[in-house]
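Reviewing the structure listed below.
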Amino acid sequence: MKIAYISQTGNVASFVEKLGLDAMEVYTGTETMDEPFVLITYTDGLGDVPDIGSDFLEENHALLRGVVASGNMGWSDTYCLAADAVHEQYGVPILGKIEDDGTDEDVAVIRATIVSLNK
Ligand SMILES: Cc1cc2nc3c(=O)[nH]c(=O)nc-3n(C[C@H](O)[C@H](O)[C@H](O)COP(=O)(O)O)c2cc1C
178 MKIAYISQTG
188 NVASFVEKLG
198 LDAMEVYTGT
208 ETMDEPFVLI
218 TYTDGLGDVP
228 DIGSDFLEEN
238 HALLRGVVAS
248 GNMGWSDTYC
258 LAADAVHEQY
268 GVPILGKIED
278 DGTDEDVAVI
288 RATIVSLNK
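In our numbering, each residue carries its 1-based index in the sequence shown increased by 177.
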């Protein structure tokens, strides 16, 4: 299962590197996916998907299989709500929520979940 990820300050990029799975960074939102994928994104605004993520999903959501969001507990009311926004708009499962670049347990659990989607 391919990963598409969006990272502004490096936390999501660090988490994705720890996963060690096939991944593509979304920089502009105009990228095209040609295989099923999981989106891993940070949370922007007040619980929002970053704009480039919205653009990217508009074009590629047919192949989207799940979403993981990174956030920070300092945003208590909107913690990781980017995952909920994608889930509500596209009906795909939330595979995890991580703070910053995630714990070792987050890496193990979310990695196993993503790998199991290939079966
Ligand atoms: C302008 C701004 C708004 C944010 N809003 C939220 C939010 O609503 N909820 C949340 O959980 N985290 C929020 N965050 C925290 C980031 O999602 C979090 O730090 C994330 O790990 C950043 O990932 P990145 O380093 O890959 O860009 C916000 C960060 C910034 C800079």
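C-beta atoms are modelled at their ideal positions from N, C-alpha and C, and glycine is treated no differently.
Identified DSSP bridge partners for Y219: On the sequence shown, residue 219 is found 42 positions in, with the first residue counted as 1. Answer is S247.
Under 8 Å between C-beta atoms of D221 and A259: Taking the sequence shown and counting its residues from 1, one reaches residue 221 at position 44. Taking the sequence shown and counting its residues from 1, one reaches residue 259 at position 82. Contact flag set, yes.
Limits of the alpha helix (DSSP H) - the one that A200 falls within: The count along the sequence shown starts at 1 and reaches residue 200 at position 23. For A200, there is no enclosing alpha helix (DSSP H); the enclosing beta strand (DSSP E) covers residues 200 to 202.
V286 versus V226 - alpha carbon distance: Counting from 1 along the sequence shown, the entry for residue 286 is found at position 109. Counting from 1 along the sequence shown, the entry for residue 226 is found at position 49. V226 has its alpha-carbon roughly 23 Å from the corresponding atom of V286.
Test item: CB-CB of E276 and G248 under 8 Å: For this step, residue 276 is matched to residue 99 along the sequence shown. For this step, residue 248 is matched to residue 71 along the sequence shown. With contacts defined as CB atoms closer than 8 Å, E276 and G248 qualify as a contacting pair.
Backbone CA spacing between T255 and Y219 [nearest angstrom]: By one-based count along the sequence shown, residue 255 stands at place 78. By one-based count along the sequence shown, residue 219 stands at place 42. Per the coordinates, the alpha-carbon of T255 lies some 12 Å from the alpha-carbon of Y219.
Cβ-Cβ separation, L294 to V269 (assumed contact under 8 Å), whole Å: Walking along the sequence shown from the start, residue 269 turns up at place 92. Walking along the sequence shown from the start, residue 294 turns up at place 117. Contact check for V269 and L294: beta-carbon distance about 11 Å, past the 8 Å limit, so the pair fails to qualify.
Closer than 7 Å: A190 CB and nearest ligand 1 heavy atom: Taking the sequence shown and counting its residues from 1, one reaches residue 190 at position 13. Because some heavy atom of ligand 1 lies under 7 Å away, the Cβ of A190 counts as near it: yes.
Distance between beta carbons of I217 and I271, contact taken as under 8 Å: For the purposes of this step, residue 271 is taken as residue 94 along the sequence shown, with counting starting at 1. For the purposes of this step, residue 217 is taken as residue 40 along the sequence shown, with counting starting at 1. So it is not a contact: roughly 11 Å between Cβ atoms.
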